[in-house]
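Read the structure below first, then the notes.
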Amino acid sequence: MNQINSLEDIFEAFNGLKVLVVGDVMIDSYLWGKTSRISPEAPVPIVNVVKREKRLGGAANVALNVQAMGALPLLCSVIGDDQDGADYLRLMEEKGLPIEGIVQSPERVTTIKHRIIAGAQQLLRVDSEIEHNLTDYEERHLEERYLQLLEQADVVIFEDYDKGVFSKQNIQRFLELANERRVPSVIDPKKKNFLSYVGCTLFKPNLKELKEGLKVDFADENLPAFEAAVEELQQQLQVKQVLVTLSERGVFIADGDEKTYIGAHRRSISDVSGAGDTVISIAALCMALKTSLSFMAGLSNLGGGLVCEHVGVVPVDKQKLYEEAQRIRLFETHEHRIT
Numbered sequence: 001m002n003q004i005n006s007l008e009d010i011f012e013a014f015n016g017l018k019v020l021v022v023g024d025v026m027i028d029s030y031l032w033g034k035t036s037r038i039s040p041e042a043p044v045p046i047v048n049v050v051k052r053e054k055r056l057g058g059a060a061n062v063a064l065n066v067q068a069m070g071a072l073p074l075l076c077s078v079i080g081d082d083q084d085g086a087d088y089l090r091l092m093e094e095k096g097l098p099i100e101g102i103v104q105s106p107e108r109v110t111t112i113k114h115r116i117i118a119g120a121q122q123l124l125r126v127d128s129e130i131e132h133n134l135t136d137y138e139e140r141h142l143e144e145r146y147l148q149l150l151e152q153a154d155v156v157i158f159e160d161y162d163k164g165v166f167s168k169q170n171i172q173r174f175l176e177l178a179n180e181r182r183v184p185s186v187i188d189p190k191k192k193n194f195l196s197y198v199g200c201t202l203f204k205p206n207l208k209e210l211k212e213g214l215k216v217d218f219a220d221e222n223l224p225a226f227e228a229a230v231e232e233l234q235q236q237l238q239v240k241q242v243l244v245t246l247s248e249r250g251v252f253i254a255d256g257d258e259k260t261y262i263g264a265h266r267r268s269i270s271d272v273s274g275a276g277d278t279v280i281s282i283a284a285l286c287m288a289l290k291t292s293l294s295f296m297a298g299l300s301n302l303g304g305g306l307v308c309e310h311v312g313v314v315p316v317d318k319q320k321l322y323e324e325a326q327r328i329r330l331f332e333t334h335e336h337r338i339t
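Note that the UniProt record's numbering numbers the sequence shown so that position 236 is 236, with each residue one more than the last.
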């Protein structure tokens, strides 16, 4: 790895990384329209369609964020052998994403989320999905693809949306394979498998997921209770490094006993969809480069805020992120360490 002496060096180093993204993928479908009257049939707005669009979502949006940062994403998942699955593969190919890690199964449907948007407001979402665990056949083929891609990867992201790709058993197996190869693992959890990621490298829940996963409740402003919950999480998962996103209050990073809060930057928020995908993508890239955790958290926090300025799920703009990080002197204000 070349010597890292500046923010520019870090952003340049991102271009040489390969990131394995394993988890639940989906299609984000948008129907954009205008509304000016209420239906006579029911008290709901009538939307006149202006545009329809389908985008890659879930773990695939994480892959797009990785790609937008200049790295090569290696996506691994299971989708349905259906029309939506064909659309999903077509979208991957259009975006230049490799498809060799995708398993198609006639036993599943491809997850698709239909959003109806008028102006800048989402009026309705209709989901088509399946949430039960993979069959033995699907598990076997997924592990084969995962192992092939892991051999190339600098870091692996586990992107869990509770759609059935992950189970306690395959999480443990996949982490074991990554740890054997000294590939750092970065986790974006959901409720069902929250405490299954024992032995991971970095765990990144949001505040709501932290409370649900540990079955605890406290006021968001109760910092002692929050920090106690993070400590409990570290003990249960045997993980040293935890990054918690706190929405408009920024992010929190725990590195063993060290705790750091990084405030959010003032933004014009249009839509928070996909912000967590951006955060986990940037965090994983920084983990692969072994930057300091405070720099990783700061850059991830900045990127997550930037995508909230757009309506819908969109990947981060690398150039804009670089300019923002330069403007606030992120590299200089956070201790940086490349080993």
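Note that beta-carbon positions come from the ideal geometry of N, C-alpha and C, so glycine has one too.
Given a threshold of 16 other Cβ atoms within 10 Å of its Cβ, counted over all protein chains shown, does Asp257 qualify as buried or as exposed? As a first step, residue 257 must be located in the sequence shown, where it is residue number 257. Around the beta carbon of Asp257, fewer than 16 other beta carbons sit within 10 angstroms, so the residue counts as exposed.
For Asp220, count neighbouring C-beta atoms within 10 Å of its own C-beta (all shown protein chains included) and say buried if the count is 16 or more, exposed if not. Stepping through the sequence shown from its first residue, residue 220 is reached at position 220. The C-beta of Asp220 has fewer than 16 other C-beta atoms within 10 Å across all chains shown, which makes the residue exposed.
Is DSSP giving His132 helix, strand or coil here? If you number the sequence shown from 1, residue 132 lands on position 132. In the structure shown, His132 adopts coil according to DSSP, grouped into three states.
Through-space distance from Lys240 to Ala118, alpha-carbon basis: Position 118 of the sequence shown, counted from the start, is the residue given in the question as residue 118. Position 240 of the sequence shown, counted from the start, is the residue given in the question as residue 240. Each residue's alpha carbon lies about 44 Å from the other.
From Lys163, Phe174 and Gln121, pick the residue whose C-alpha is nearest to that of Arg145; which is it? Translated into positions along the sequence shown, residue 145 becomes position 145. With distances taken between Cα atoms, Arg145 lies closest to Phe174.
Could you tell me the distance, in whole angstroms, from the CA atom of Gln67 to the CA atom of Cys76? Sequence index remark: in the sequence shown, residue 67 carries index 67 (1-based). Sequence index remark: in the sequence shown, residue 76 carries index 76 (1-based). Distance between the alpha carbons of Gln67 and Cys76: 15 Å.
Curious, which full-length beta strand (DSSP E) runs of at least 3 residues does the region 7-79 contain? Counting whole runs of 3 or more residues, the region 7-79 contains the beta strand (DSSP E) stretches 18-23, 25-38 and 45-58.
Is Ser270 helix, strand or coil by DSSP? For the purposes of this step, residue 270 is taken as residue 270 along the sequence shown, with counting starting at 1. Per-residue confidence for Ser270 stands at a pLDDT of 41, beneath the threshold of 50, marking its modelled position as unreliable; no derived number is given.
Backbone CA spacing between Glu94 and Cys200 [nearest angstrom]: Walking along the sequence shown from the start, residue 94 turns up at place 94. Walking along the sequence shown from the start, residue 200 turns up at place 200. Near 33 Å, if we compare the C-alpha coordinates of Cys200 and Glu94.
Using C-beta distances below 6 Å, list every residue in its chain close to Leu124, excluding the 5 sequence neighbours before and after it, in chain order. Locating residue 124 in the sequence shown gives position 124, counting from the first residue. Within the same chain, Leu124 has close Cβ partners Ile116.
Thinking just about the alpha-carbon of each residue, which of Ala42, Met26 and Tyr137 is nearest to the one in Arg55? Translated into positions along the sequence shown, residue 55 becomes position 55. Closest by alpha carbon: Met26.
Contact defined as beta carbons within less than 8 Å: I believe Val19 pairs with Ala71. What is the distance between those atoms, to the nearest angstrom? Within the sequence shown, numbered from 1, the residue matching residue 19 stands at position 19. Within the sequence shown, numbered from 1, the residue matching residue 71 stands at position 71. Going by Cβ atoms, the distance from Val19 to Ala71 rounds to 5 Å, so yes, they are a contact pair.
Reference Met69, options Arg329, Gln236 and Asp277, closest by Cα: Within the sequence shown, the letter at position 69 stands for residue 69. Residue Asp277 is the option with its Cα nearest to Met69.
C-alpha distance - Val78 paired with Thr260, whole-angstrom precision: Working through the sequence shown from its first residue, we reach residue 78 at position 78. Working through the sequence shown from its first residue, we reach residue 260 at position 260. Rounded to whole angstroms, Val78 to Thr260 spans 37 Å at the Cα level.
Through-space distance from Thr291 to Glu129, alpha-carbon basis: Reading the sequence shown from its first residue, position 129 is the one you call residue 129. Reading the sequence shown from its first residue, position 291 is the one you call residue 291. Cα to Cα, the separation comes out at about 38 Å.
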